[in-house]
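The opening residue of the sequence shown carries number 2 in our numbering; numbering runs sequentially from there. C-beta atoms are modelled at their ideal positions from N, C-alpha and C, and glycine is treated no differently. Working notes for the structure below.
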Amino acid sequence: MVRVTPPRPLDITSVFPELAGLSATAVRLHPRPGKPTEWDSSVGGPILWPPDEPWPTCQLDHGPFDQVEISSPADIRETRRLLEAAASAHRSLTEQEQDELEDNLEDHRARSCDSPDELEFPLLPLLQIHAPDVPWLEMPHGAELLQVLWCPLLHDQTDSPSNGVGAPWISVRFHLDIDPLTLFTPPAPQLIEYDWFVPEPCALHPEPVTEYPQPAALDRGLAQRVEQWERDEYGSAEGVGTYERVFATAPGWKLGGPPQSSFGDERAAILCVCGAPMRYLCTVPSCEWDAGTVSWAPIEDVGLTEVRPGERRASEPTCVRVGDSQRLRIFVCPADRDHPVRSDIVV
Ligand SMILES: [Zn+2]
Ligand SMILES: [Zn+2]
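Below is the structure:
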């Protein structure tokens, strides 16, 4: 089923013609719960991986682990399944279900907790994109397959204001010469800092949309006129931010979009260690839409904006959250695919 963004209330370039030259295509991914395979684009689905290639592990500093949930992605997903099934039947967990969850946890503790010093930190698949599924965008370095993995723990090291959340790791593949008969199951992380680091498997329904630069990236004169227009059209209090929320920036999981500026210094580009301005690769959000961005809820989902207690919100299909309703931005170097990925977290 496709997902279609409702038209914007007006063509913003009819009000500010100079924005036409500043537009950029972003691809909304519209993840929805499903059963994607390795051969599909997905959030949280299985990914193609050559069996003879080591599975990546996180090398950053972790811990202390006293507060960390000892659990596996499978247990976290099973817990969600039981809780959501109970909620949609308007009941609490049965004693048997509670025992089942507790048994899972105890089994896992017994398997994993002997010697924290020897723990490895395998990454968790977050996003996989097959190039033919997003024909509107050029893939980084002309890749056929893009994979984003992350570590489900917090990190002390900081590359940027992201504070090491998720520590995204990118794999770019040029040829899919992977024998499907030898697909393997990657090692699962044994420690999960928060359950929202574990995505639910979701199929994608990519859709291109037109975006415009964020207000801070506009030249000062235009930014002032946009702000005045917001006040005049939408009210001096409520109107502020309308341009960004309604016209400029689509919410949710997406690839690409206008060039982004640095957190904390809104006029500075995000630079690679080599000095090149980095390419804005993708956004990992906390929801597909919220009260401020509900106008972007796809036409097919408009009836799903209400939720009963305990049920998964239609606007949070992946169960991934980034901080407190924030979003993670991931950047790659356009000059050299081996240069480190950068990420940060913005509101
Ligand atoms: Zn890590
Ligand atoms: Zn670089």
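- prompt: Terminal residues of the continuous beta strand (DSSP E) containing Ile331?
  reply: The count along the sequence shown starts at 1 and reaches residue 331 at position 330. Unbroken beta strand (DSSP E) run through Ile331: 328-333.
task: Closer than 8 Å by C-beta to Glu212: which residues in its own chain qualify, once you throw out the five before and the five after it? Chain order, please.
output: One-based indexing of the sequence shown puts residue 212 at position 211. Cβ neighbours of Glu212 beyond the five flanking positions: Ser24, Ala25, Thr26, Ala27, Ala249, Thr250, Ala251, Gly258, Pro259.
task: Please classify Ser344: does DSSP put it in a helix, a strand, or coil?
output: Walking along the sequence shown from the start, residue 344 turns up at place 343. In the structure shown, Ser344 sits in a strand (DSSP, three-state: E or B).
query: Among the residues of its own chain, which have a CB less than 8 Å from the CB of Glu231, if the five just before and after it don't count?
result: Taking the first residue of the sequence shown as position 1, residue 231 is located at position 230. Same-chain partners within the cutoff: Gly240, Val241, Gly242, Thr243, Tyr244.
query: What span of residues does the beta strand (DSSP E) with Pro126 cover, start to end?
result: By one-based count along the sequence shown, residue 126 stands at place 125. For Pro126, the enclosing beta strand (DSSP E) has its first and last residue at 125-131.
query: In terms of residue numbering, what span does the beta strand (DSSP E) encompassing Ala277 cover?
result: Here residue 277 corresponds to residue number 276 of the sequence shown, with the count starting at 1. Element bounds for Ala277: n/a, residue is neither H nor E.
message: For a test of the three-state rule: what should DSSP assign to Ser296, helix, strand or coil?
response: In the sequence shown, the residue the question calls residue 296 occupies position 295. It is helical.
query: Would the C-beta of Cys203 count as close to ligand 1, meaning under 8 Å from any of its heavy atoms?
result: By 1-based counting over the sequence shown, the position of residue 203 is 202. No, the beta carbon of Cys203 sits no closer than 8 Å to any heavy atom of ligand 1.
query: So is the beta-carbon of Leu329 under 8 Å away from any non-hydrogen atom of ligand 1?
result: Numbered from 1 along the sequence shown, position 328 holds the residue referred to as residue 329. Exclusion of Leu329 from the 8 Å shell around ligand 1 follows from its C-beta lying no nearer than that to any non-hydrogen atom of the ligand.
Residue of Trp297, Val274, Ala21, Pro126 minimising C-alpha distance to Thr1: No answer is possible for residue 1: the residues shown for the chain start at 2 and end at 348.
message: Is any non-hydrogen atom of ligand 1 found closer than 8 Å to the C-beta of Phe198, if you look at the structure I gave you?
response: As a first step, residue 198 must be located in the sequence shown, where it is residue number 197. Because no heavy atom of ligand 1 lies under 8 Å away, the Cβ of Phe198 does not count as near it: no.
- prompt: Do you know whose CA, among Trp50, Pro153, Ala224, lies nearest Glu194's CA?
  reply: Your numbering for residue 194 matches position 193 in the sequence shown. Relative to the Cα of Glu194, the nearest Cα in the group Trp50, Pro153, Ala224 belongs to Pro153.
message: Restricting to Cα atoms, I'd like to know which of Val149, Ala315, Val227, Phe185 is closest to Gly52.
response: Translated into positions along the sequence shown, residue 52 becomes position 51. The question names Gly, but residue 52 in the sequence shown is Pro. Of Val149, Ala315, Val227, Phe185, the residue nearest in Cα terms is Phe185.
message: Is it the case that the stretch 276-287 contacts the stretch 317-332, given that we only count it when at least three CB pairs across the two stretches are under 8 Å?
response: Yes, since at least three Cβ pairs between the stretch 317-332 and the stretch 276-287 fall closer than 8 Å, the two stretches touch.
query: Taking just the CA atoms, how far does Asn105 sit from Ala90?
result: Indexing the sequence shown from 1 puts residue 90 at position 89. Indexing the sequence shown from 1 puts residue 105 at position 104. Taking the straight line joining both Cα atoms gives about 23 Å.
- prompt: When the distance is taken between beta carbons, is His131 closer than 9 Å to Trp40?
  reply: Position 39 of the sequence shown holds residue 40. Position 130 of the sequence shown holds residue 131. Yes.
query: Taking buried to mean at least 16 other C-beta atoms within 10 Å of its own C-beta, is Trp137 buried or exposed?
result: The sequence position of residue 137 within the sequence shown is 136, counting from 1. Around the beta-carbon of Trp137, fewer than 16 other beta-carbon atoms lie within 10 Å, marking it exposed.
- prompt: Given a threshold of 16 other Cβ atoms within 10 Å of its Cβ, counted over all protein chains shown, does Arg4 qualify as buried or as exposed?
  reply: Residue 4 sits at position 3 when you count from the first residue of the sequence shown. Per the 10 Å Cβ criterion, buried.
query: Which term fits Gln225, buried or exposed, when burial requires 16 or more other beta carbons within 10 angstroms of its beta carbon?
result: Translated into the one-based positions of the sequence shown, residue 225 becomes position 224. Taking every protein chain shown into account, the CB of Gln225 has fewer than 16 other CB atoms within 10 angstroms, so this residue is exposed.
field: Spatial neighbours of Val149 in its chain, beta-carbon cut-off 6 Å, leaving aside the 5 residues before and after
entry: Position 148 of the sequence shown, counted from the first residue, corresponds to residue 149. So the list reads Leu127, Leu128, Pro169, Ile171, once near-sequence residues are dropped.
query: Which stretch, first to last residue, makes up the beta strand (DSSP E) that contains Leu256?
result: Start at 1 with the first residue of the sequence shown, and residue 256 comes out as number 255. 255-257 is the extent of the beta strand (DSSP E) around Leu256.
query: Closest to Pro7 by CA distance: which of Ala204, Trp297, Arg313 is it?
result: Against the sequence shown, residue 7 aligns to sequence position 6. Across the set Ala204, Trp297, Arg313, the C-alpha of Trp297 shows the shortest separation from the C-alpha of Pro7.
- request: State buried or exposed for Gln191, treating a residue as buried only when at least 16 other CB atoms are found within 10 Å of its CB.
  value: Your numbering for residue 191 matches position 190 in the sequence shown. Buried: at least 16 other Cβ atoms inside 10 Å.
task: Give the range of the beta strand (DSSP E) segment to which Pro209 is assigned.
output: Counting from 1 along the sequence shown, the entry for residue 209 is found at position 208. From DSSP, the beta strand (DSSP E) with Pro209 extends over 208-212.
field: DSSP state of Val199 mapped onto helix, strand, coil
entry: Residue numbering aside, residue 199 sits at position 198 when the sequence shown is read from its first letter. If DSSP states are grouped into helix, strand and coil, Val199 belongs with coil.
- prompt: Mind listing, in chain order, the residues whose beta carbon lies closer than 7 Å to a non-hydrogen atom of ligand 2?
  reply: Residues flagged by the Cβ proximity filter: Cys273, Val274, Cys275, Ala277, Cys334, Ala336, Asp337, His340.
message: Which residue marks the beginning of the alpha helix (DSSP H) containing Thr80, and which one marks its end?
response: Working through the sequence shown from its first residue, we reach residue 80 at position 79. 74-89 is the span of the alpha helix (DSSP H), which, as asked, contains Thr80.
Neighbourhood of Leu94 by C-beta distance below 8 Å, restricted to the same chain and skipping five residues each side: As a first step, residue 94 is located in the sequence shown; it is residue number 93 there, counting from the start. Excluding positions up to five away in sequence, the list reads Leu83, Leu84, Ala87, Leu102.
query: Nearest to Gln60 by CA position, among Pro299, Glu121, Thr319, is which residue?
result: Within the sequence shown, residue 60 is the residue found at index 59, counting from 1. The closest CA to that of Gln60, considering only Pro299, Glu121, Thr319, is found on Glu121.
message: Just to confirm, is the Cβ distance from Gly22 to Pro200 under 9 Å?
response: Numbered from its first residue, the sequence shown carries residue 22 at position 21. Numbered from its first residue, the sequence shown carries residue 200 at position 199. It is not a contact, given that the beta carbons lie outside the stated cut-off.
- request: Would you decide whether Met279 is buried or exposed? Buried here means 16 or more other CB atoms lie within 10 Å of its CB.
  value: Taking the sequence shown and counting its residues from 1, one reaches residue 279 at position 278. Looking at its Cβ environment, which holds 16 or more other Cβ atoms inside 10 Å, Met279 is buried.
- prompt: How is the beta strand (DSSP E) around Gln148 delimited, first residue to last?
  reply: Here residue 148 corresponds to residue number 147 of the sequence shown, with the count starting at 1. 146-151 is the span of the beta strand (DSSP E), which, as asked, contains Gln148.
- prompt: How should Leu238 be labelled, buried or exposed, when 16 other C-beta atoms within 10 angstroms of its C-beta is the threshold for buried?
  reply: In the sequence shown, residue 238 corresponds to position 237, counting from 1. Checking the sequence shown, residue 238 turns out to be Ala, not Leu. Label assigned to Ala238: exposed.
- request: Would you grab the beta carbon distance between Arg29 and Val210 for me? Rounded to a whole angstrom, and I think it's under 8 Å.
  value: Along the sequence shown, read from residue 1 onward, the residue named residue 29 stands at position 28. Along the sequence shown, read from residue 1 onward, the residue named residue 210 stands at position 209. Going by Cβ atoms, the distance from Arg29 to Val210 rounds to 6 Å, so yes, they are a contact pair.
- request: Return yes when the C-beta of Leu120 is under 8 Å from any heavy atom of ligand 1, and no when it is not.
  value: Counted from its first residue, the sequence shown places residue 120 at position 119. No, the Cβ of Leu120 stays beyond 8 Å of every heavy atom of ligand 1.
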